[in-house]
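Chains as they are written, first to last, in UniProt numbering: chain A, 1 to 136; chain B, 1 to 90. Even glycine gets a Cβ: it sits at the ideal position worked out from N, Cα and C.
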C-alpha cells in the first residue's frame with residue numbers, strides 16, 4: 001500500500017488554522033521526541049492527508065472537554081496544536097478524552113481513528129469529518 | 001508515554017477500557033459513576049503494578065477483563081455488588 005510522505009507548516013498567526021485529516025484509516029504511527037508547543041514545521045506521519053480548517057468553535061469545544069477531563073486550571077493554556085501528552089495525559093486519559101468528545105458531539109469514533117488522536121487539532125478535524133458524514 | 005506507537009497488547013488494553021466506559025454509559029447515572037470510578041482505579045492501579053513484559057499475566061488479565069465486560073453488558077445484571085477489573089500498563 002503506497003503512501004505519500006508529506007510535511008506541512010502552520011502560520012504563526014492565530015488564523016488560518018491548518019489541520020490534517022487522515023484520508024484513510026491509520027493503523028498506527030508515532031511522533032518524534034517531545035516537541036515544543038509552538039507552530040513549527042512538523043514531520044507528519046507517512047500517509048495520505050487532506051487539509052481543512054476546523055471551525056474555531058469546534059476547537060474551543062474540544063479544549064473545554066480536554067480541560068474538564070484532565071481537571072486543568074483556567075490558567076493552563078490549550079491550543080489547537082497542544083498534545084494531550086504535554087498536558088500530562090497518559091493513554092488511559094486519552095481514551096477518556098475521546099469518549100468525552102463522543103458524548104459532547106453526539107458521534108462515535110472508530111477505534112483505530114480514536115487511537116491515533118494525540119492533539120486537539122486532530123480531534124477537532126476528525127469530529128468535523130464525522131459530523132459531516134452524520135449530516136448526510 | 002503519550003502518543004507513541006502502541007503495541008498490539010496496549011491497543012487491546014485501551015480497547016477494553018473503552019468498552020467498559022461505553023457499557024457504563026448506558027447505565028443510570030449513579031451506577032455509571034460508580035462503574036467508571038472502579039474501572040478507572042483498577043486500570044490505573046495495574047498500569048503501575050504490572051510488569052509490561054509479563055505477557056502471560058497481561059493476557060490473563062485481558063481475558064478476565066473481557067469476561068467481566070461481557071457480564072457488565074448483560075441486561076440480566078441489575079446491580080453490581082462489585083466489579084474487579086485488572087489490566088496492564090499502558
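Legend entry - Stretch pair the region 99 to 110 of chain A + the region 53 to 71 of chain A: three plus CB contacts closer than 8 Å: yes
Inset, instruction - Mind the definition here: the region 47 to 58 of chain B touches the region 121 to 128 of chain A only if three or more C-beta pairs lie below 8 Å; say whether that holds. - result: no
Legend entry - Proximal residues of chain A, C-beta to C-beta of residue 47(B) below 8 Å: 90 and 92
Legend entry - Cα-Cα separation, residue 8(B) to residue 75(A): 37 Å
Inset, instruction - Using the Cα positions of residue 47(B) and residue 88(A), report the straight-line distance between them to the nearest angstrom. - result: 15 Å
Inset, instruction - Have a look at residue 69(B) and residue 19(B) and give me their C-alpha separation to the nearest angstrom. - result: The alpha-carbon atoms of residue 69(B) and residue 19(B) are separated by roughly 7 Å.
Legend entry - Outcome for residue 33(B) when other beta-carbon atoms lying within 10 angstroms are tallied against a minimum of 16: exposed
Legend entry - Range covered by the alpha helix (DSSP H) that runs through residue 56(A): Note, residue 56(A): alpha helix (DSSP H), 56 to 69.
Inset, instruction - Run down chain A in chain order and give the residues with a C-beta less than 8 Å from the C-beta of residue 10(B). - result: 91
Legend entry - Close-in-space but distant-in-sequence residues of the same chain around residue 119(A) (CB under 8 Å, 5 per side omitted): 80, 81, 82, 83 and 84
Inset, instruction - Using a Cβ-Cβ cut-off of 7 Å, state whether residue 14(B) counts as contacting chain A. - result: yes
Inset, instruction - Output, in chain order, the set of chain A residues within a Cβ distance shorter than 8 Å of residue 17(B). - result: Within chain A, the residues near residue 17(B) are 92 and 95.
Inset, instruction - Report yes if the C-beta distance between residue 55(B) and residue 92(A) is below 7 Å; otherwise report no. - result: Taking 7 Å as the Cβ cut-off, residue 55(B) and residue 92(A) do not qualify as a contacting pair.
Legend entry - N-terminal and C-terminal residue of the alpha helix (DSSP H) that residue 65(B) is part of: Run containing residue 65(B): 55 to 73, per the alpha helix (DSSP H) assignment.
Inset, instruction - Please name the residue, chosen from 113(A), 97(A), 110(A) and 111(A), that lies closest to residue 62(A) on a Cα-to-Cα basis. - result: 97(A)
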